[in-house]
Amino acid sequence: MDILYEGGSKKAFFDAICLGSANTYGEIWYHEENDVGYLAFDFYNGAMDTAKCWRLRDAFRAVRHRPTRVIVLSCGMDFWSNGIHLHVIKAAEDPAEEAWKNIDAINDLVQEIITTDSHLVISALLGNAAAGGLIMALAADEIYARHGIVVNPHYKTMGLYGSEYWTYLLPRRVGWNEALAMMENCLPIGAEEAHELLLIDGVIYSDGYDFYRHIAQLAERLSNLPDYEIKLELKAEQRQLDEERKPLSAYRAEELAEMHKCFHDRNHIYPQCGVDFHTARRNFVYGVRPTATPLRLAKHRRSMGDGAL
1192 MDILYEGGSK KAFFDAICLG SANTYGEIWY HEENDVGYLA FDFYNGAMDT
1242 AKCWRLRDAF RAVRHRPTRV IVLSCGMDFW SNGIHLHVIK AAEDPAEEAW
1292 KNIDAINDLV QEIITTDSHL VISALLGNAA AGGLIMALAA DEIYARHGIV
1342 VNPHYKTMGL YGSEYWTYLL PRRVGWNEAL AMMENCLPIG AEEAHELLLI
1392 DGVIYSDGYD FYRHIAQLAE RLSNLPDYEI KLELKAEQRQ LDEERKPLSA
1442 YRAEELAEMH KCFHDRNHIY PQCGVDFHTA RRNFVYGVRP TATPLRLAKH
1492 RRSMGDGAL
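Here the numbering used here is used: the first residue of the sequence shown is 1192, the next is one more, and so on.
The structure is reproduced here in structure tokens:
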């Protein structure tokens, strides 16, 4: 684990996240109090390269061995996570190979969260989340988001099929038809709409420290439930049933087969993107502007017969 925060209270810990008042630079912090472990991460622009995914995975593994009952995964003020790190991939000697390593690493992290049977896990989204970063949040048992944030579950606008077990986690929340619509339509979703769609469990109408104060109350209430042990047992039973129905390894293999095409076939192009992944990534990194606002966002142009996605 990068840092075991030494503050004496949750408030000091949350202030360190929200105000940047930790006494040393770091991207991953941990604090525990009242049977709740708080694992916070704050990666610049929400991007997680291979090494960051490994570090957070190792930190999460360590936290699972602590004598707590609930784990809260939380973020900094700006972003939860946006998934793999496009800039690091662009700078790599072999971008396709680095992209493959990065997606494999974030998959390992998500798998650790999904298969946790020792704790109940909460994802606390103070900032925006997109693509694999949002899917990572869905691996938790309960998900709460701050009002005003935006989530983007889709990948295809970056020329990617997506992984992180989205074909398991997203339908588990919203059903397959709604999950497919989210992935194909590629529209942003506000916190309130996400709650209405059952993508998340609740919206918290507070900012900064107050957001985390509410999260702490929810987490402590969960840890003190009379039927806490029953909830853990039911969670394990459901995971076993899901595994028997279709193993996690099968979801991962199917997703990675599609991602391999995205990384290695320049002719593998989704209409939502218009170019292959490597071109889309380059345009993103260098800030190349699109020629027009995509039609899925520019509703006023739809009646004009514009066919641009």
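Backbone N, C-alpha and C define an ideal beta-carbon position, used for all residues, glycine too.
I need the boundaries of the alpha helix (DSSP H) containing residue i, first residue and last residue.
i, result
"E1333", "Element bounds for E1333: not the alpha helix (DSSP H) but the beta strand (DSSP E), E1333 to R1337."
"N1415", "Taken as a continuous stretch (DSSP letters only), N1415 belongs to no alpha helix (DSSP H), as it is neither H nor E."
"L1447", "L1439 to H1455"
"N1293", "P1286 to I1305"
"E1383", "A1382 to E1387"
"M1349", "Looking at the DSSP string, M1349 is not in any alpha helix (DSSP H), and its letter there is neither H nor E."
"V1365", "W1357 to V1365"
Bridge partners for residue i per DSSP, in chain order?
i, result
"Y1229", "H1222 and V1263"
"V1466", "DSSP lists no partner for V1466."
"L1311", "V1261"
"G1274", "A1238"
"A1320", "S1272 and V1342"
Are the CB atoms of residue i and residue j nearer to each other than 8 angstroms?
i, j, result
"V1301", "D1332", "no"
"M1373", "I1297", "no"
"W1291", "I1326", "no"
"V1394", "A1382", "yes"
"N1343", "A1321", "yes"
"S1397", "R1260", "no"
"G1324", "D1467", "no"
"L1371", "A1330", "no"
"H1455", "A1287", "yes"
If I follow the unbroken beta strand (DSSP E) through residue i, where does it start and stop?
i, result
"V1394", "G1393 to I1395"
For residue i and residue j, what's the separation of their Cα atoms in angstroms?
i, j, result
"F1475", "G1237", "15 angstroms"
"E1449", "K1281", "20 angstroms"
"R1480", "L1378", "19 angstroms"
"L1389", "A1283", "38 angstroms"
"N1319", "I1460", "26 angstroms"
"L1230", "Y1442", "27 angstroms"
"I1340", "L1317", "7 angstroms"
"D1392", "I1334", "5 angstroms"
"T1306", "L1439", "10 angstroms"
"H1345", "G1274", "11 angstroms"
"V1254", "G1228", "7 angstroms"
"R1248", "T1241", "11 angstroms"
"Y1477", "D1299", "29 angstroms"
"I1194", "T1482", "In this prediction, I1194 has a pLDDT of 49, which is less than 50 and means its spatial position is unreliable; what the coordinates show is noted afterwards. Distance between the alpha carbons of I1194 and T1482 is about 45 angstroms."
"F1204", "H1222", "7 angstroms"
"R1257", "K1452", "40 angstroms"
"E1218", "F1232", "5 angstroms"
Return the Cβ separation of residue i and residue j in integer angstroms, given the expectation that the two are a contact with Cβ distance under 8 angstroms.
i, j, result
"D1308", "K1426", "7 angstroms"
"A1336", "L1264", "That pair is no contact at about 13 angstroms."
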